[in-house]
Structures are given as structure tokens and as C-alpha cells.
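Asker: Please see the structure below; I have some questions.
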Amino acid sequence: MDGLVLVRRGKVRDLYDCGDSLIMVATDRISAFDYVLGSGIPDKGRVLTQLSAFWFERTGHIIDNHVVSTDVSAYPPQARAHAAVLDGRSMLVRKTSP
Numbered sequence: 022m023d024g025l026v027l028v029r030r031g032k033v034r035d036l037y038d039c040g041d042s043l044i045m046v047a048t049d050r051i052s053a054f055d056y057v058l059g060s061g062i063p064d065k066g067r068v069l070t071q072l073s074a075f076w077f078e079r080t081g082h083i084i085d086n087h088v089v090s091t092d093v094s095a096y097p098p099q100a101r102a103h104a105a106v107l108d109g110r111s112m113l114v115r116k117t118s119p
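Count along the sequence shown from 1, add 21, and you get the number used in this note's numbering.
Written as C-alpha cells, this is what we have:
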């Protein structure tokens, strides 16, 4: 994605740097036994993101989490240019320190 710096490509998620925050994108890739399989499952990333967003929102009053927003219109300008790809399958998250 032009304008976004890919920090890490995991088995099923990609992580992009947006300055003060990160964008975590759940893909449709499948992983089994630490291997990425050749075919994906359509909309798997959207489902995973929506499930995670639901629970992060429901538990946010109990403990802070890393989620800033799942609304692409709240993302930095360089990310909003990719709204069609990011919508429903990504989260803007805070950077943390180890």
C-alpha cells in the first residue's frame, strides 16, 4: 500500500507504521502448524477484526487496550487513501514499548 510503511508481515496479519500509531490489517491468509497455506478464506480477515473489535470495545472499561479506532475515516490521511482495502479488516492501534 503506497504511503504506508510495512513493519511486519505475519502469518495472517500485516502491520503498517503510521507515525505515532500502527495499522493492523487482518488478511484472508490461513495458517496451520506455523505454515501459511496457499489459499485463503474470503473475508476471514474482516470476521477476525470484527470479533476482536467487539471484545476490545466491551472490555475497554475493565482494562485499557491498544485499539484507537476501527473507523477508517479516523485513520491518518496516508491510510485513508486505502479505505477500500482497510475498511472492516483493520485497526488503528497505539504503539507500545517492550
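Each residue gets a CB set at the ideal place from its N, CA and C atoms; glycine is no exception.
Any idea what DSSP makes of residue 102, helix, strand or coil?
Answerer: Reduced to three states, the DSSP call for residue 102 is coil.
Asker: If residue 49 and residue 38 are in contact, beta carbons under 8 angstroms, what's the gap, nearest whole angstrom?
Answerer: Actually they do not touch by this definition, with Cβ atoms about 22 angstroms apart.
Asker: Within a Cβ cutoff of 6 angstroms, which residues of the same chain sit near residue 29, ignoring the five residues on either side of it in sequence?
Answerer: Hits under 6 angstroms: 36.
Asker: With C-beta atoms as the reference, is residue 25 less than 8 angstroms away from residue 71?
Answerer: Their beta carbons are not under 8 angstroms apart, which means residue 25 does not touch residue 71 by this criterion.
Asker: Using a Cβ-Cβ cutoff of less than 7 angstroms, which residues in the same chain neighbour residue 53 once the five nearest sequence positions on both sides are dropped?
Answerer: Result list for residue 53: empty, nothing under 7 angstroms.
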